[in-house]
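First the structure, in the form of structure tokens, and then the observations on it.
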Amino acid sequence: MALTLHVDGARWRAAQDAAIAANPGLVPVVKGNGYGFGREVLYAEANRLRVTMIAVGTYAEVPGALAGFSGDVLVMEPFRAAIHAAIHAATQAGLPSVDDGRLVHTITTRVDLDGLLAANPAARTVVEGLTSMGRFGAPAARVGDLVAAGRGEGVTLHLPLGSGHVDEISRFVEAVGGIRPFFVSHTTADEVAALRRRFPEHRFAARVGTDLWLADRAAYEMRSHVLDVRPLAKGDRVGYRQRPQAAGHLVVVSGGTSHGVAMESPASAATARSRAIAVAEGMLEAVHRVRSPFTVGGTMPRFAEPPHMQCSLLALPDGVAPPSVGDTVPVRMRLTTAYPDAVVIE
Ligand SMILES: *Cc1c(COP(=O)(O)O)cnc(C)c1O
């Protein structure tokens, strides 16, 4: 009675191994929902991969990462001295994570660097450069000084989707000078290889999540249990909203909004028309107009109404053989927004 992520362990690990082999020095990213597998599972995989560093998204993820992973932990959100001071004041608790020798902090300003070094003179840092991404970073002209002032271990660069990465990173490498590792995000293995050819004296390491953990879609499958099945006559009303249904079967399956079902962007809706409806009506309101992500009897039935918190009501059309209670059905979900009840690695 659960939404379960089934993983073919051998196949999943072979894909991870291939991603590392194709991109030497790769730093696995373990953040958020752990790409559907959960962060604990991914810390264990990172240990298995024998990488020396992982990257986490936020300071909130630091304690778990230090406990679950044995190597260095790079925090990708920049250290903000003012925010850390405010948290400290609010909780009266120290922030021991700032002191851990396995932590590597991301710095974008001098004020934050000074604040960090005041809290821990031995703090390890990398300096993030401001790319066309425009999220966090110090302008290229200031990166070198910040690295020097903090005895920084490298420079990080986060690139937007698209092409032109090699040129943009190259401009940074030339502007920053010195020989140091560059940690690059959203840069393909081919682009990293091109950078190594262009700057053989520098070290480049890609920070990768999706193309490491979700590299082989055939290695995992989300499965839902069929919880109830009943015939529907044309016009029968069901659900919170008592919408009239077509003839067929009502199929109740595990998996709802709390698991991330139907949380995908309208871009994943099948047609331009269904995307337009989804945008106009709001995603959750419009889901009964688009196909559900559940595959039942070889079809993807519509939702009878928007998904509930932990289960969903599907309207199986007349003529499609209904499943039995207890059957499992596959669910197509984007794993970066999925929260399964269980992960089974076989
Ligand atoms: C999330 C994130 C990554 C990893 O992104 P994927 O698309 O999952 O590989 C890399 N760098 C930064 C800065 C990120 O925030």
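Offset between the sequence shown (1-based) and the numbering used here: plus 238. Using N, Cα and C, we set each Cβ at its ideal position, and we do this for glycine too. Owing to the predicted nature of the structure, the values given are computational and were not obtained by experimental measurement.
Going by other Cβ atoms of all chains shown within 10 Å of its Cβ, with 16 needed for buried, is residue i buried or exposed?
i: residue 388; result: buried
i: residue 399; result: exposed
i: residue 249; result: exposed
i: residue 372; result: exposed
i: residue 349; result: exposed
i: residue 245; result: buried
i: residue 261; result: buried
i: residue 530; result: buried
i: residue 545; result: buried
i: residue 296; result: exposed
i: residue 308; result: exposed
i: residue 359; result: exposed
i: residue 277; result: buried
i: residue 444; result: buried
Would the beta-carbon of residue i be found less than 7 Å away from any heavy atom of ligand 1?
i: residue 269; result: yes
i: residue 462; result: no
i: residue 223; result: Since the first residue of the chain shown is 239 and the last is 584, residue 223 is not available in this structure.
i: residue 423; result: yes
i: residue 446; result: yes
i: residue 314; result: yes
i: residue 372; result: no
i: residue 396; result: yes
i: residue 449; result: yes
i: residue 295; result: yes
If you compare alpha carbons, which of the options is closest to residue i?
i: residue 369; options: 456, 378, 529; result: 378
i: residue 458; options: 311, 241, 240, 247; result: 247
i: residue 448; options: 367, 355, 306, 274; result: 274
i: residue 362; options: 340, 454, 268, 537; result: 340
i: residue 441; options: 468, 462, 415, 463; result: 415
i: residue 259; options: 500, 567, 287, 573; result: 287
i: residue 423; options: 366, 282, 499; result: 366
i: residue 319; options: 336, 307, 304; result: 336
i: residue 254; options: 239, 285, 243; result: 285
i: residue 419; options: 582, 291, 580, 554; result: 291
i: residue 394; options: 352, 306, 289, 293; result: 293
i: residue 364; options: 271, 404, 314; result: 314
i: residue 343; options: 421, 283, 456; result: 421
i: residue 554; options: 391, 532, 353, 251; result: 532
i: residue 473; options: 536, 427, 542; result: 542
i: residue 241; options: 584, 579, 551; result: 579
i: residue 306; options: 324, 322, 283, 384; result: 283
In the structure shown, what three-state DSSP assignment does residue i receive?
i: residue 318; result: coil
i: residue 505; result: Reliability fails at residue 505, whose pLDDT of 47 lies under 50, so the model's placement of it is uncertain and the value that follows must be treated cautiously. Correct three-state label for residue 505: helix.
i: residue 334; result: Confidence in residue 334 is poor, its pLDDT being 48 and thus under 50, which makes the residue's placement unreliable; the coordinate value appears in the next sentence. Residue 334: helix per DSSP, three-state reduction.
i: residue 598; result: Lying before the first or after the last residue shown, residue 598 is absent from the chain, which here runs from 239 to 584.
i: residue 486; result: strand
i: residue 297; result: helix
i: residue 532; result: strand
i: residue 233; result: Nothing in the structure corresponds to residue 233, since the chain is present only between 239 and 584.
i: residue 405; result: helix
i: residue 310; result: strand
i: residue 546; result: coil
i: residue 281; result: helix
i: residue 275; result: coil
i: residue 580; result: strand
i: residue 467; result: strand
i: residue 246; result: coil
i: residue 436; result: helix
i: residue 500; result: coil
i: residue 258; result: helix
i: residue 412; result: helix
Closer than 8 Å, CB to CB, is residue i near chain B or not?
i: residue 501; result: Absent here is chain B; the protein component of the structure consists of one chain.
| said: Using 8 Å as the cut-off, can you tell me whether the segment 396-413 makes contact with the segment 429-437, which would need three or more C-beta pairs spanning the two stretches below that distance? | reply: Touching, yes.
| message | Closer than 8 Å is the cut-off here; do at least three beta carbon pairs connect the segment 471-478 with the segment 262-276? | response | No, the segment 471-478 does not touch the segment 262-276.
| task | Could you say if the segment 552-568 and the segment 485-496 meet the contact criterion of at least three C-beta pairs nearer than 8 Å? | result | By the criterion of at least three beta-carbon pairs nearer than 8 Å, the segment 552-568 is in contact with the segment 485-496.
| said: Across the segment 460-467 and the segment 565-575, are there enough close Cβ pairs to call them in contact, namely three or more that are closer than 8 Å? | reply: Touching, yes, given that three or more Cβ pairs across the two stretches are closer than 8 Å.
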